[in-house]
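Top to bottom, those sequences are chains A and B.
Position 263 of the first sequence, counted from 1, bears residue number 263 in my numbering, the numbering being contiguous throughout.
Just add 338 to wherever you are in the second sequence, counting from 1, and you've got my numbering.
Let me begin by presenting the structure, written as structure tokens, before commenting on it.
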Amino acid sequence: MVGIRTRDLRKVYTSAPPFAAGGGFGAPTKFGKRSKQPKPEIVALDGLTLEISPGEVFGLLGPNGAGKSTTVGILTTRVRPTAGQAWIGEHDVWKEQVSVKRLIGVVAQRPNLDFSLTAREILLFHGAYFGLDSQQRAKRADDLLERFKLRDRADQMVRGFSGGMMQRLSIARAMMHDPQVLFLDEPSAGLDPQTRLLLWEIIREYNQGGKTILLTTHNMEEADALCHRLVIIDHGRSIALGTPGELKSSVPGGFVLRLRFAQHSTALLEGLRSLAGVREVRVNDQSGADLYADRGGSLIREIVTLASAASVDLNDVHISEPSLENLFLHHTGRSLRE
Amino acid sequence: MNWKCFLAMLARDAQVARRNFFALLLQTFLQPLMFVFIFGRVMVGSGYMPPSYKSLLLPGIMAICMVGTGIWAVAMPLIAEFQFTREIEDRLLAPMEISWLAVEKVVAGTLQSLAAGFMVIPAAWLLLRPGVDLNVPHPLLFAVVAVLVALFSATGGLALGCSMQQTHIGLMFSLIVAPMIFFGCTYYPWSALEKFPILQRAVLVNPLVYASEGLRGTMVPQFPHLPLLAVVVGLVFFNALLLATGLRSFHGKSVS
Numbered sequence: 001m002v003g004i005r006t007r008d009l010r011k012v013y014t015s016a017p018p019f020a021a022g023g024g025f026g027a028p029t030k031f032g033k034r035s036k037q038p039k040p041e042i043v044a045l046d047g048l049t050l051e052i053s054p055g056e057v058f059g060l061l062g063p064n065g066a067g068k069s070t071t072v073g074i075l076t077t078r079v080r081p082t083a084g085q086a087w088i089g090e091h092d093v094w095k096e097q098v099s100v101k102r103l104i105g106v107v108a109q110r111p112n113l114d115f116s117l118t119a120r121e122i123l124l125f126h127g128a129y130f131g132l133d134s135q136q137r138a139k140r141a142d143d144l145l146e147r148f149k150l151r152d153r154a155d156q157m158v159r160g161f162s163g164g165m166m167q168r169l170s171i172a173r174a175m176m177h178d179p180q181v182l183f184l185d186e187p188s189a190g191l192d193p194q195t196r197l198l199l200w201e202i203i204r205e206y207n208q209g210g211k212t213i214l215l216t217t218h219n220m221e222e223a224d225a226l227c228h229r230l231v232i233i234d235h236g237r238s239i240a241l242g243t244p245g246e247l248k249s250s251v252p253g254g255f256v257l258r259l260r261f262a263q264h265s266t267a268l269l270e271g272l273r274s275l276a277g278v279r280e281v282r283v284n285d286q287s288g289a290d291l292y293a294d295r296g297g298s299l300i301r302e303i304v305t306l307a308s309a310a311s312v313d314l315n316d317v318h319i320s321e322p323s324l325e326n327l328f329l330h331h332t333g334r335s336l337r338e
Numbered sequence: 339m340n341w342k343c344f345l346a347m348l349a350r351d352a353q354v355a356r357r358n359f360f361a362l363l364l365q366t367f368l369q370p371l372m373f374v375f376i377f378g379r380v381m382v383g384s385g386y387m388p389p390s391y392k393s394l395l396l397p398g399i400m401a402i403c404m405v406g407t408g409i410w411a412v413a414m415p416l417i418a419e420f421q422f423t424r425e426i427e428d429r430l431l432a433p434m435e436i437s438w439l440a441v442e443k444v445v446a447g448t449l450q451s452l453a454a455g456f457m458v459i460p461a462a463w464l465l466l467r468p469g470v471d472l473n474v475p476h477p478l479l480f481a482v483v484a485v486l487v488a489l490f491s492a493t494g495g496l497a498l499g500c501s502m503q504q505t506h507i508g509l510m511f512s513l514i515v516a517p518m519i520f521f522g523c524t525y526y527p528w529s530a531l532e533k534f535p536i537l538q539r540a541v542l543v544n545p546l547v548y549a550s551e552g553l554r555g556t557m558v559p560q561f562p563h564l565p566l567l568a569v570v571v572g573l574v575f576f577n578a579l580l581l582a583t584g585l586r587s588f589h590g591k592s593v594s
């Protein structure tokens with residue numbers, strides 16, 4: 001069984017992050033001082049340290065541009081770290097690339113199937129790159145095509161496949177050489193609910209065989225359903241780490257009520273803080289406030305009463321139940337989808 | 339070096355080439371053979387060109403076919419796979435140093451270019467006969483030159499494929515490939531430029547000049563041509579330069 005470690009990983013792009021990193025970025029832009037023509041510097045990772053145990057399903061959770069794909073890019077030899085180190089098992093990812101590539105299977109964020117080949121050929125050639133003999137290749141390809149429900153399209157060119165079929169085939173391909181560590185970058189993006197469930201089942205099954213799985217997602221439900229532990233990253237830094245249960249229970253109260261008033265007042269905020277079950281009130285701007293509380297809907301009536309007593313219009317209320325999304329909001333003040 | 343992986347990738351390229359065989363065939367041969375027909379058959383038959391032009395033209399046409407095939411076979415997939423379809427990612431993640439993937443592309447391109455070169459000889463000969471005076475006194479030397487020409491096409495494809503944007507493919511052909519062919523001594527021998535001394539020196543930076551003169555010198559040595567030593571040195575130099583440039587750009591594209 002093989003684990004994953006990173007130490008103080010840092011990545012600064014001096015041009016737009018290319019596709020190996022998923023093309024996303026969102027960290028603040030700075031300008032280098034030394035060069036005559038300043039190049040924009042994009043900090044994608046800012047000292048990320050992780051320790052993923054062998055046999056673990058580990059999730060990287062964060063909004064677009066948080067550094068998830070860059071982390072996967074570094075761990076899969078496709079992105080060179082600006083500083084810091086990463087290991088797959090005992091192998092330094094940057095210095096022992098070939099040994100690392102033997103251990104890993106990768107599903108990229110966007111389909112990158114070989115359009116010049118049929119579905120079966122894609123699996124067979126992938127197996128051949130990894131040195132499987134022709135009998136092993138044929139059997140494994142058959143099994144995977146069956147498991148991923150692609151048997152009836154096996155001998156067709158993948159150009160005409162739907163997005164969901166391409167995604168399934170990408171995952172089958174990554175599993176073809178039975179890697180010890182599987183990287184899945186947003187695996188269920190664009191999948192219908194039924195296929196997503198099939199995928200989750202396959203991921204759990206693969207993990208039960210002792211394989212380590214690292215997946216990135218911004219889907220709370222997926223992280224909650226699959227991951228033993230997860231890290232929440234934002235602007236290239238880890239902001240929380242733990243099991244989904246631990247992380248959720250670290251949010252005060254669990255429920256979040258996002259309130260929007262015409263304009264709130266100090267008296268109103270004090271009133272909100274004193275309501276039974278309210279753990280914390282965070283003020284966002286002149287009109288918005290987030291209430292962290294033990295209960296959700298039952299607070300609405302009291303909030304409305306307080307607002308009308310203070311002659312403040314309540315324009316909008318959004319209630320979220322205990323979730324990882326709330327955790328993200330609690331740590332960053334922003335929603336995952338913002 | 340992981341030979342199994344390298345050979346599997348060659349097998350993959352062979353499978354793709356087999357699948358696209360007829361399209362490749364038309365794309366490679368149609369235009370040069372029409373040229374052969376008009377200039378070698380119609381113009382010679384109607385007396386506008388001397389009969390000896392048939393023999394002079396054949397090595398040049400072979401050079402065009404080989405260089406066109408190699409560049410197309412290596413550059414076009416690389417441009418698309420790096421920038422648009424990302425198909426190459428699976429092979430970049432195969433257990434082999436990524437430079438060997440670039441070398442594999444060069445080997446596949448070289449083989450395709452050689453196949454095109456050896457297929458165009460009988461095709462052009464059939465179109466032009468009678469009157470083609472092929473004369474290969476040193477088959478081994480001819481083979482060396484042909485391999486160097488094929489390698490030039492593939493390394494050129496690697497260098498172009500890793501430095502061109504997808505939106506610049508049209509420009510690549512009109513600004514690089516077309517001038518290279520017209521100033522590459524393909525339709526005329528280098529000695530024909532004697533009356534244009536500046537041009538005659540300037541075209542020596544065009545590697546296609548060495549390719550067509552080398553084929554001319556080994557297939558129809560009765561015509562004036564560059565010394566074969568100069569041809570071999572020129573082609574080896576350009577091959578090394580293009581391979582080094584291509585590998586560097588390939589690395590730049592593969593790892594960010």
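Glycine included, every Cβ here is placed at the ideal spot set by N, Cα and C.
Computed from a prediction, not measured in an experiment: that's the story for all the values here.
Quick one: does Ser-162 (chain A) have its CB under 8 Å from some CB of chain B? no
I'd like to confirm the pairing. Which residues does DSSP put opposite Met-157 (chain A) in its beta bridges? A:Thr-118
Strictly below 7 Å CB to CB, what residues from chain B border Asp-114 (chain A)? Glu-425 and Asp-428
Taking Thr-70 (chain A) and Leu-45 (chain A) to be in contact with their CB atoms under 8 Å, please state how far apart those CB atoms are, rounded to whole angstroms. 5 Å
Which residue wins for smallest C-alpha separation from Gly-47 (chain A), given the options A:Thr-6, A:Leu-61 and A:Ile-202? A:Thr-6
Stretch pair the segment 565 to 574 of chain B + the segment 583 to 594 of chain B: three plus CB contacts closer than 8 Å: no
Do Leu-182 (chain A) and Ala-174 (chain A) count as a contact pair if the criterion is CB distance below 8 Å? yes
For Lys-11 (chain A) versus Ile-74 (chain A), is the C-beta spacing smaller than 8 Å? yes
Note down the Cα distance separating Ser-390 (chain B) from Arg-110 (chain A), rounded to an integer number of angstroms. 57 Å
Closer than 7 Å at the beta carbon, the chain B residues around Thr-76 (chain A): Leu-431
Delimiting residues of the beta strand (DSSP E) encompassing Tyr-13 (chain A): 4 to 13
Does Pro-415 (chain B) come out as helix, strand or coil in the three-state DSSP assignment? helix
So, does the segment 116 to 133 of chain A touch the segment 351 to 364 of chain B, judging by three or more C-beta pairs under 8 Å? yes
Which parts of the segment 430 to 456 of chain B are runs of the beta strand (DSSP E), unbroken and 3 residues or longer, counting only runs that do not cross its ends? none
Three or more C-beta pairs below 8 Å linking the segment 387 to 406 of chain B and the segment 553 to 563 of chain B: yes
I'd like the span of the beta strand (DSSP E) that includes Trp-200 (chain A), first residue to last. From DSSP, Trp-200 (chain A) is part of no beta strand (DSSP E) but of the alpha helix (DSSP H) over 193 to 208.
With Tyr-548 (chain B) as the anchor, note down where its alpha helix (DSSP H) starts and where it stops. 545 to 557
Do the segment 75 to 94 of chain A and the segment 117 to 135 of chain A meet, that is, are 3 or more Cβ pairs less than 8 Å apart? no
So what does DSSP say about Gly-127 (chain A), is it helix, strand or coil? helix
Secondary structure at Gln-85 (chain A), three-state DSSP: helix, strand or coil? strand
Would you kindly check if the distance between the Cβ of Leu-327 (chain A) and the Cβ of Leu-306 (chain A) is under 8 Å? no
Residue-level contact to chain B via CB, Arg-173 (chain A), 8 Å cutoff: yes
Amino acids of chain A, ordered along the chain, whose beta-carbon sits closer than 9 Å to that of Ala-352 (chain B): In chain order: nothing, as chain A lies at least about 11 Å away.
Expressed to the nearest angstrom, what Euclidean distance is found between the alpha-carbon atoms of Asp-224 (chain A) and Pro-244 (chain A)? 6 Å
Tell me whether Ala-86 (chain A) is buried or exposed, calling it buried when 16 or more other Cβ atoms sit within 10 Å of its Cβ. buried
Using 8 Å as the limit for Cβ to Cβ distance, is Ala-346 (chain B) near chain A? yes
What span of residues does the alpha helix (DSSP H) with Val-281 (chain B) cover, start to end? Past the edges of chain B, shown from 339 to 594, lies residue 281 (chain B), and the structure says nothing about it.
Leaving out the 5 sequence neighbours to the left and right, which residues in its chain are closer than 6 Å to His-330 (chain A) when beta-carbon positions are compared? Val-251
Under a Cβ-count criterion, where at least 16 other Cβ atoms within 10 Å of its own Cβ denotes burial, should Ala-83 (chain A) be classed as buried or exposed? exposed
Chain C contact for Arg-102 (chain A) (CB, 8 Å cutoff): Note that chain C does not occur in the displayed structure, where the protein chains are A and B.
Residues in the segment 573 to 594 of chain B with C-beta within 9 Å of chain A's C-beta atoms, listed in sequence order? Lys-591, Ser-592, Val-593 and Ser-594
Nearest residue (CA-CA) to Ser-170 (chain A), options A:Ile-232, A:Val-57, A:Val-2 and A:Gly-105: A:Gly-105
So is Phe-261 (chain A) in contact with chain B if we call contact Cβ pairs under 8 Å? no
Indicate whether the contact test is met: 3 or more Cβ pairs, each with one atom in the segment 274 to 284 of chain A and one in the segment 252 to 266 of chain A, closer than 8 Å. yes
Out of curiosity, what's the CA-to-CA distance linking Lys-248 (chain A) and Gly-242 (chain A)? 9 Å
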